[in-house]
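What the sequence shown shows, in the numbering used here, is residues 37 to 562, in sequence order.
Don't be surprised by glycine CBs; every beta carbon is placed ideally from N, CA and C.
Please read the structure below before turning to the comments.
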Amino acid sequence: MSAARPDLAGPLAAGLLLAVATPSAWLPFSGPLVVLALALVFAVLRDHRRPLWHGYVLGCAHMAVFSWSVHHVLVFAWAMIVLLGGLYTLAVHAAVRRLPPLFAPLGFGVALAGVCWLRAHMPDICYPHGQPAQSLWRWPALLGSVAVGGEPLANALLGWLGGAVAALASAWRTGAPTWRSAGRGVATAATVAAALTVGGAMLRPVADGGTLDVALVEPGFHLVHELDAVPPERARARVDELLAERLLAPTRQALATSPPPSLVLWPESSVFATLPVEDVVASDARLLDLRGKLPATAARLLLGVNVRQRVDAPPTPAAVLCELPGARVLSHQEKRCLVPGGEFQPGVRWLPRAAAEWLLTAFAGALGSLPQCEPGRELPPLRTADGVPFGALLCYDNAFAAPAAAQVAQGARLLCVLSNESWYEGGAELPQLLAMSVLRAIETATPVVRCTQDGWSGVVGRDGRLLADLPLAAAPQPAARTLRATVPLGAGVPPALAGVRGLAGPAAAVALLVLLLAGHRRPRPI
37 MSAARPDLAG PLAAGLLLAV ATPSAWLPFS GPLVVLALAL VFAVLRDHRR
87 PLWHGYVLGC AHMAVFSWSV HHVLVFAWAM IVLLGGLYTL AVHAAVRRLP
137 PLFAPLGFGV ALAGVCWLRA HMPDICYPHG QPAQSLWRWP ALLGSVAVGG
187 EPLANALLGW LGGAVAALAS AWRTGAPTWR SAGRGVATAA TVAAALTVGG
237 AMLRPVADGG TLDVALVEPG FHLVHELDAV PPERARARVD ELLAERLLAP
287 TRQALATSPP PSLVLWPESS VFATLPVEDV VASDARLLDL RGKLPATAAR
337 LLLGVNVRQR VDAPPTPAAV LCELPGARVL SHQEKRCLVP GGEFQPGVRW
387 LPRAAAEWLL TAFAGALGSL PQCEPGRELP PLRTADGVPF GALLCYDNAF
437 AAPAAAQVAQ GARLLCVLSN ESWYEGGAEL PQLLAMSVLR AIETATPVVR
487 CTQDGWSGVV GRDGRLLADL PLAAAPQPAA RTLRATVPLG AGVPPALAGV
537 RGLAGPAAAV ALLVLLLAGH RRPRPI
């Protein structure tokens, strides 16, 4: 008599445990649970009695919990993340359920890495959050493999190890596979992971010991909520008040110290100005809202504004480097990776007109406007007054390996992330984006300084350790907060194996396709 088909308790439990291990604000030290969570995921997906849609439910449960803070922006966007995100776990289910037992744990790791890379790079709907490697951001010593093969390799190793642990548990419970075979599988996965972790740490290039003194200003307000609280005719005055109280005043205090910092950071969208790129390149651009309002100093101010490539072009979010006190823009960098929904409307061109208009109206109501931005170009690193080269990453640039790697390849010794995450009103987005900064630091062996609107602001060392931070506090905060830190600089060259890191994700995606095709081949009749 055949066993009854399992219910949904297993997929839901696996999805929720994986969500608990994913970076969040409510259970911050659960990262190592990711191996046990992946073991449970593997056990569920390898159960031949389960239909494929159980894998879809598992993926939806995971996405629903760790992406919950997106509902503050737009419930529809959160629902789409959940419904579309479940398809990636469905693909893993289809890829691994028919694999031979000996190769199933490794195949699971490869398939997991492939779907994570695809989800992060899917045109129009890229969503790089919630990857297994991000769970270990508080334990960067365990992420040395990221320096070898980037985030995809670390994801594959965690999946392989979780699958091997699940196979060992199955051997203990049922005797299939054999205990000896399962034990060898765990030992092999653990040995390979340990070797790549240690080897990755050895790839880090030697720096010259230089440091840079920086000050980060975290203003701590949600602009839309601030403007909703005043009459429309008071909106401009309220913006000016916030600029004076939350950015200019704490910056004056930081610059009054002896010695002052070499670099002061404000977050993305600090000043509402759109500058023509030709004026910036010609050094003719000035931020009039700041001119003469800060003391004369050798310090440079890095902040977020918009630039426009052409007169008729949409704006591009940018980081501009200003001299003081004249607020003349010395140089800039542009945002390469735009946020779906927040800076462009994904998939609207493929929808029926009525549906497209409804979606655009919903986004406009949630965000207070309907931004349609243009992605920026890769530009050379910026420089402090002392000539230290550094790269600027705007918000979502921090979520992907390529922008950070390109800046370090051009000599950047520090990466500065300017971000505005107040839209999420706390929740898992804030630690997830800090976790991504940890991975960028390890991939490039370069420190990362994060300056955000309301958290999580901090300094990540070139080895991925969190060196300094402002305690996590979502807007509204009663006042601005300032973090002063001396940052050990990177070597200004990327670690070896840059080509391997760049190819690891696409290679995993191709391997996933091979597994899917192999899993759907019909056996030849005897």
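Take Glu410 and list the residues in its own chain whose beta-carbon comes closer than 6 Å to its own, dropping the five residues that flank it on each side. Taking the first residue of the sequence shown as position 1, residue 410 is located at position 374. Here the set comprises Ala349, Pro350 and Thr352.
Closest to Ala97 by C-alpha separation, out of Leu194, Leu120 and Gly491, would be which residue? Mapped onto the sequence shown, residue 97 falls at position 61. For the residues Leu194, Leu120 and Gly491, the minimum Cα distance to Ala97 belongs to Leu120.
From Val80 to Phe380, what does the alpha carbon distance come to, in whole angstroms? Taking the sequence shown and counting its residues from 1, one reaches residue 80 at position 44. Taking the sequence shown and counting its residues from 1, one reaches residue 380 at position 344. If I take the Cα positions, the gap works out to 37 Å.
Applying the criterion that 16 or more other CB atoms from any shown protein chain within 10 Å of the CB defines a buried residue, is Met238 buried or exposed? Sequence index remark: in the sequence shown, residue 238 carries index 202 (1-based). Per the 10 Å Cβ criterion, exposed.
Among Ala149, Phe112, Leu338 and Leu94, the one whose alpha carbon lies nearest that of Leu123: Here residue 123 corresponds to residue number 87 of the sequence shown, with the count starting at 1. It is Leu94 whose Cα lies nearest to the Cα of Leu123.
CB contact flag (Val301, Leu194, <8 Å): The residue labelled residue 301 in the question sits at position 265 within the sequence shown. The residue labelled residue 194 in the question sits at position 158 within the sequence shown. It is worth fixing the name first, because residue 301 is Leu in this sequence and not Val. Not in contact: Leu301 and Leu194 (Cβ atoms no closer than 8 Å).
Does DSSP put Thr247 in a helix, in a strand, or in coil? Locating residue 247 in the sequence shown gives position 211, where the first residue counts as 1. Reduced to three states, the DSSP call for Thr247 is strand.
From Val260 to Trp459, what distance separates their C-alpha atoms? Counting from one through the sequence shown, the residue named residue 260 turns up at place 224. Counting from one through the sequence shown, the residue named residue 459 turns up at place 423. Take the alpha-carbon of Val260 and the one of Trp459: they are about 9 Å apart.
Starting from Leu301, trace the beta strand (DSSP E) both ways and give me its first and last residue. As a working mapping, residue 301 is identified with position 265 in the sequence shown. First-last of the beta strand (DSSP E) with Leu301: Leu299 to Leu301.
Note the first and the last residue of the continuous alpha helix (DSSP H) segment covering Pro188. Here the question's residue 188 lines up with position 152 in the sequence shown. Segment Val182 to Thr210, the alpha helix (DSSP H) holding Pro188.
Buried or exposed, going by whether 16 or more other CB atoms sit within 10 Å of the CB of Gln489? Taking the sequence shown and counting its residues from 1, the one referred to as residue 489 is at position 453. Residue environment analysis places Gln489 among the buried positions, since at least 16 neighbouring C-beta atoms fall within 10 angstroms of its C-beta.
Label Trp62 either buried or exposed according to how many other C-beta atoms from any shown protein chain fall within 10 Å of its C-beta, with 16 as the threshold for buried. As a position in the sequence shown, residue 62 is number 26, starting the count at 1. So Trp62 counts as exposed.
Alpha helix (DSSP H) containing Ala547: first to last residue? The sequence position of residue 547 within the sequence shown is 511, counting from 1. Taken as a continuous stretch (DSSP letters only), the alpha helix (DSSP H) holding Ala547 covers Ala534 to Gly555.
Span separating the alpha-carbon of Trp492 from that of Pro467: Position 456 of the sequence shown, counted from the start, is the residue given in the question as residue 492. Position 431 of the sequence shown, counted from the start, is the residue given in the question as residue 467. Between the alpha carbons of Trp492 and Pro467 lies a gap of roughly 7 Å.
Starting from Val453, follow its DSSP beta bridges and name the residues at the other end. Counted from its first residue, the sequence shown places residue 453 at position 417. Its beta-bridge partners are Leu429 and Arg486.
Identify the continuous alpha helix (DSSP H) that holds Cys152 and give its terminal residues. In the sequence shown, the residue the question calls residue 152 occupies position 116. Here the alpha helix (DSSP H) through Cys152 covers Ala140 to His157.
Closest residue to Ala113 among Ala335, Leu197, Ala441 and Pro382 (Cα-Cα distance): Counting from 1 along the sequence shown, the entry for residue 113 is found at position 77. Cα-wise, what sits closest to Ala113 is Pro382.
Around the C-beta of Pro561, are 16 or more other C-beta atoms found within 10 angstroms, so that it is buried, or is it exposed? Within the sequence shown, the letter at position 525 stands for residue 561. Residue placement at Pro561 is flagged as unreliable, the pLDDT there being 44, under the threshold of 50; the coordinate-derived value follows with that caveat. The residue is exposed, with fewer than 16 neighbouring Cβ atoms inside 10 Å.
Distance between beta carbons of Arg86 and Gly555, contact taken as under 8 Å: Start at 1 with the first residue of the sequence shown, and residue 555 comes out as number 519. Start at 1 with the first residue of the sequence shown, and residue 86 comes out as number 50. The Cβ separation is near 14 Å, so there is no contact.
Taking contact to mean 3 or more Cβ pairs, one atom from each stretch, closer than 8 Å, check whether the region 208-215 and the region 153-162 are in contact. Contact check between the region 208-215 and the region 153-162: fewer than three CB pairs, one atom from each, fall below 8 Å, which does not count as touching.
Give the DSSP-derived three-state secondary structure of Leu506 in the structure shown. Residue numbering aside, residue 506 sits at position 470 when the sequence shown is read from its first letter. In the structure shown, Leu506 falls within a coil segment according to DSSP collapsed to helix, strand and coil.
Could you give the DSSP three-state label for Gly340: helix, strand or coil? For the purposes of this step, residue 340 is taken as the residue at position 304 of the sequence shown. Strand.
Can you tell me whether Pro417 is buried or exposed? The criterion is at least 16 other CB atoms within 10 Å of its CB, across all chains shown. For the purposes of this step, residue 417 is taken as residue 381 along the sequence shown, with counting starting at 1. With 16 or more Cβ atoms within 10 Å of its Cβ, Pro417 is classed as buried.
Am I right that Val201 and Val71 are in contact with their C-beta atoms under 8 Å? What's the rounded C-beta distance? Residue 201 sits at position 165 when you count from the first residue of the sequence shown. Residue 71 sits at position 35 when you count from the first residue of the sequence shown. Confirmed, about 6 Å.
Return the residue from the list Leu142, Asp83, Pro164 and Leu339 that minimises the CA-CA distance to Met99. By 1-based counting over the sequence shown, the position of residue 99 is 63. Measuring from the Cα of Met99, the nearest candidate turns out to be Pro164.
Boundaries (first-last residue) of the alpha helix (DSSP H) holding Pro467: Stepping through the sequence shown from its first residue, residue 467 is reached at position 431. Note, Pro467: alpha helix (DSSP H), Glu465 to Thr480.
Nearest-angstrom Cα separation, counted from Pro47 out to Val118: Taking the sequence shown and counting its residues from 1, the one referred to as residue 118 is at position 82. Taking the sequence shown and counting its residues from 1, the one referred to as residue 47 is at position 11. Answer to the nearest angstrom: the Cα atoms are 15 Å apart.
Need the endpoints of the beta strand (DSSP E) that Gln369 sits in, please. Here residue 369 is taken as the residue at index 333 of the sequence shown, counted from 1. Per DSSP, Gln369 belongs to the beta strand (DSSP E) from Val365 to Glu370.
Should Pro188 and Gly541 be called a contact, given that it needs their Cβ atoms to be closer than 8 Å? Position 152 of the sequence shown, counting from 1, holds the residue named residue 188. Position 505 of the sequence shown, counting from 1, holds the residue named residue 541. It is a contact, given that the beta carbons lie within the stated cut-off.
Could you say which of Leu248, Lys371, Val228 and Ser171 lies nearest to Leu430 if we only look at CA atoms? Residue 430 sits at position 394 when you count from the first residue of the sequence shown. With distances taken between CA atoms, Leu430 lies nearest to Lys371 out of Leu248, Lys371, Val228 and Ser171.
Quick check on the burial criterion: 16 or more other C-beta atoms within 10 angstroms. Buried or exposed for Pro530? Against the sequence shown, residue 530 aligns to sequence position 494. Pro530 should be labelled buried.
Under 6 Å Cβ to Cβ from Ala45, same chain only, skipping five residues before and after it: list those, please. Looking up residue 45 in the sequence shown gives position 9. So no residue of the chain qualifies.
Assuming the contact rule is C-beta atoms closer than 8 Å, Pro145 and Val234 should be a hit. Round their C-beta distance to whole Å, please. What you label residue 145 is simply residue 109 of the sequence shown in a count that begins at 1. What you label residue 234 is simply residue 198 of the sequence shown in a count that begins at 1. With the sequence shown as reference, residue 145 is identified as Gly, and Pro is not the correct amino acid for it. At roughly 19 Å, the Cβ-Cβ gap does not stay under 8 Å, so Gly145 and Val234 are not in contact.
Three-state secondary structure assigned by DSSP to Arg517: As a first step, residue 517 must be located in the sequence shown, where it is residue number 481. Strand.
Three-pair Cβ contact test at 8 Å for the region 316-323 versus the region 354-370: Yes, the region 316-323 is in contact with the region 354-370.
What three-state label does DSSP hand Val70 in the structure shown? Position 34 of the sequence shown, counting from 1, holds the residue named residue 70. Per DSSP, reduced to three states, the secondary structure at Val70 is helical.
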